[in-house]
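Notes to accompany the following structure.
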Amino acid sequence: MVRYRHATSKDIEPLLNLIEKGFSKESDSASNPKNGEEHRVLFSYLYSKEGWDPEWVYLAEEAGRVVAAVGFFPQKLFFEGVEIPLWAVSPVVTDPDYRGKGYAGTCLTQGLEELKCLGVPGVFLWGLPDYYPRFGFVPILPRYKTKLKPGRVITKKVSGGRFRIVEFKDLSQIASIYNNGNAKYWLQPKRELKWWEDRYKEIEIENRVEKEVPFPKKENFLVWENNKGDLKGYLNYLDEPGRKLIINESAAIDREVAFEMMAVISGELSSEKTLYIRGTPIHLLNAAAYRLGGIHIDPAPRMGMIKIIDWPQFLNFLRPILNVRACSIKDLKDGECFDLGNLEGRFRWVWQESMGWEINSKFGTPQNQEQDKLLTKLTFGYYDSIDLSLPHPKQLTVVEHLFPKKYPLIWDNNYLY
Numbered sequence: 001m002v003r004y005r006h007a008t009s010k011d012i013e014p015l016l017n018l019i020e021k022g023f024s025k026e027s028d029s030a031s032n033p034k035n036g037e038e039h040r041v042l043f044s045y046l047y048s049k050e051g052w053d054p055e056w057v058y059l060a061e062e063a064g065r066v067v068a069a070v071g072f073f074p075q076k077l078f079f080e081g082v083e084i085p086l087w088a089v090s091p092v093v094t095d096p097d098y099r100g101k102g103y104a105g106t107c108l109t110q111g112l113e114e115l116k117c118l119g120v121p122g123v124f125l126w127g128l129p130d131y132y133p134r135f136g137f138v139p140i141l142p143r144y145k146t147k148l149k150p151g152r153v154i155t156k157k158v159s160g161g162r163f164r165i166v167e168f169k170d171l172s173q174i175a176s177i178y179n180n181g182n183a184k185y186w187l188q189p190k191r192e193l194k195w196w197e198d199r200y201k202e203i204e205i206e207n208r209v210e211k212e213v214p215f216p217k218k219e220n221f222l223v224w225e226n227n228k229g230d231l232k233g234y235l236n237y238l239d240e241p242g243r244k245l246i247i248n249e250s251a252a253i254d255r256e257v258a259f260e261m262m263a264v265i266s267g268e269l270s271s272e273k274t275l276y277i278r279g280t281p282i283h284l285l286n287a288a289a290y291r292l293g294g295i296h297i298d299p300a301p302r303m304g305m306i307k308i309i310d311w312p313q314f315l316n317f318l319r320p321i322l323n324v325r326a327c328s329i330k331d332l333k334d335g336e337c338f339d340l341g342n343l344e345g346r347f348r349w350v351w352q353e354s355m356g357w358e359i360n361s362k363f364g365t366p367q368n369q370e371q372d373k374l375l376t377k378l379t380f381g382y383y384d385s386i387d388l389s390l391p392h393p394k395q396l397t398v399v400e401h402l403f404p405k406k407y408p409l410i411w412d413n414n415y416l417y
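The working numbering puts the sequence shown at residues 1 to 417.
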């Protein structure tokens, strides 16, 4: 008989064994022991961090054996300057011998119910878009990469700066570049200077070997400085055995700096190497690689997905943003409605000049799965005209102002910590 419960500190080793075994064979794919080992190292590190609570992991246990688990990590993401608690979901794992019984799904459902009681309005994850929507997750972000092959590179001579290995004194400027880029996207994990200082300590080679932390070697974390010695960008990369060099994370102060960084990297590629830059097409280094002859690809079946578990709470966080956006809509009169929906039903917000949008729980929040999916896609700017059913042109104007299309950015190589 299966038993569901929170994890305790005594479950860490069985949990890590489950993670290694489960990720060594995903779905019906062939065994991949390396993938399992990498996940074990990652979660061993995460579970050793100060502040981690085993109660954030929900277990399924059968005959005293841990056979499935779903974990959560508290995360604060920025949404146009507003800080919102949206927790990350990871891992979702089942022992291959026990798959198909719904154990992980039950762990996930129980965890979401408890998070809602804690006041958490939503969660996000990277996962398979043919699996997680059954639990109400809405795909909003493909897992893009940009691919650049040496033979296709458009040559560009650069004399405006150079790369060097990161130093401790660089961290405040790195944090500043990260936070400035933060404002350009919808969602981004919060990182104060201390976060960068902690990561720096962990990428020291001695510590890395000792702790097996899942970070790049120090020599693979580079900063870009101009000829005056001012730091203007950074990146970290993984040089895989064989023919791949992967930039996991990067940032630059502007397009031209990003272009110079990419021109230098691509110019130093050997003819056998192919460069991959993780991120969406609007990331500055991805866009720079495209200008140099690269192509944007979506190589992975996984997507970034969001599930709002408490719409009134979530919209309460967003209300200041929505009110500011509404003020830019011409001729929006007191008492006018924003009415949007589909064949499954509609939801309605009423504009009041004295208080902004009136969003009540009966009509102002999704009442069914289709409405939930639609409002999620609108909120995060990942929608097209086929998603909309609008009664008249002004509604389209309202939608365009309230929900501008953007790439929602929850892509981040370190999004779990």
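Yeah, the Cβ is synthetic: ideal placement off N, Cα and C, and Gly gets one too. Note that the structure is predicted; figures quoted are calculated from it, not measured.
Host alpha helix (DSSP H) of residue i (start-end)
i, result
"S24", "12-24"
"T146", "Element bounds for T146: not the alpha helix (DSSP H) but the beta strand (DSSP E), 145-148."
"G111", "103-117"
"K377", "369-379"
"L128", "Neither: L128 is in no alpha helix (DSSP H) and is coded neither H nor E."
"N360", "Looking at the DSSP string, N360 is not in any alpha helix (DSSP H), and its letter there is neither H nor E."
"L284", "284-291"
Identity of the residue in the options nearest residue i by Cα
i, options, result
"R65", "L18, Y237, R162, K201", "L18"
"D320", "G51, I246, F168, L402", "Before going further, note that residue 320 is Pro rather than Asp in the sequence given. Comparing Cα-Cα distances from P320 to each of G51, I246, F168, L402, the minimum goes to L402."
"K10", "F72, S44, P54", "P54"
"G444", "V399, V257, Y103", "Look at the range of the chain in this structure, 1 to 417, and you will see that residue 444 is not part of it."
"L245", "N226, S270, P133", "S270"
"P85", "F124, A68, G102, V70", "F124"
"D298", "D310, E353, Y276", "Y276"
"Q313", "V166, G293, I359, V70", "I359"
"W351", "V398, E370, W195", "V398"
"I12", "W52, V89, M1", "W52"
"P129", "K307, F23, D254", "K307"
"G122", "V89, E61, T94, T146", "V89"
"F163", "R134, P241, K194, S266", "S266"
"E61", "K116, E113, Y4", "Y4"
C-alpha gap between residue i and residue j, whole angstroms
i, j, result
"E210", "L46", "Its pLDDT being 49, under 50, E210 is placed unreliably by the model, and the measurement read from it follows with that caveat. Distance between the alpha carbons of E210 and L46 is about 15 Å."
"K362", "C337", "15 Å"
"I282", "R191", "21 Å"
"D372", "K217", "43 Å"
"D387", "E268", "45 Å"
"R143", "G304", "7 Å"
"Y178", "N236", "13 Å"
"A175", "E249", "13 Å"
"P366", "F168", "48 Å"
"I203", "F347", "49 Å"
"P404", "T379", "9 Å"
"E272", "R243", "6 Å"
"N226", "K232", "7 Å"
"M261", "N220", "14 Å"
"F72", "A7", "12 Å"
"W311", "L332", "24 Å"
"G229", "S172", "15 Å"
"V166", "K149", "26 Å"
"S24", "V93", "11 Å"
Three-state secondary structure (DSSP) of residue i
i, result
"E210", "Residue placement at E210 is poorly supported in this model, since its pLDDT is 49, which falls under 50; the coordinates still yield a value, given next. If DSSP states are grouped into helix, strand and coil, E210 belongs with the helices."
"W224", "strand"
"W195", "helix"
"P91", "strand"
"Q352", "strand"
"S328", "coil"
"E61", "strand"
"V398", "helix"
"S159", "coil"
"M1", "coil"
"N437", "The structure shown does not extend to residue 437, since the chain is modelled only from 1 through 417, so no value can be given for it."
"L141", "strand"
"E450", "This structure cannot speak to residue 450, because the chain is shown only from 1 to 417."
"A7", "coil"
"R99", "coil"
"W52", "coil"
"F403", "coil"
"D334", "coil"
"G71", "strand"
"G181", "helix"
"K218", "helix"
Limits of the unbroken beta strand (DSSP E) element including residue i
i, result
"E268", "Here E268 belongs to no beta strand (DSSP E), and DSSP marks it neither H nor E."
"S44", "S44 -> not in any beta strand (DSSP E); alpha helix (DSSP H) instead, spanning 33-48."
"K244", "244-252"
"K307", "303-308"
"H296", "295-297"
Below-8 Å beta-carbon distance, residue i vs any chain E residue
i, result
"G161", "Protein chain content of the structure displayed is limited to a single chain, and chain E is not contained in it."
Are the segment 98-110 and the segment 280-298 in contact at 8 Å, needing three or more beta carbon pairs? no
If you pair each beta-carbon of the segment 311-326 with each one of the segment 69-83, do three or more pairs fall below 8 Å? yes
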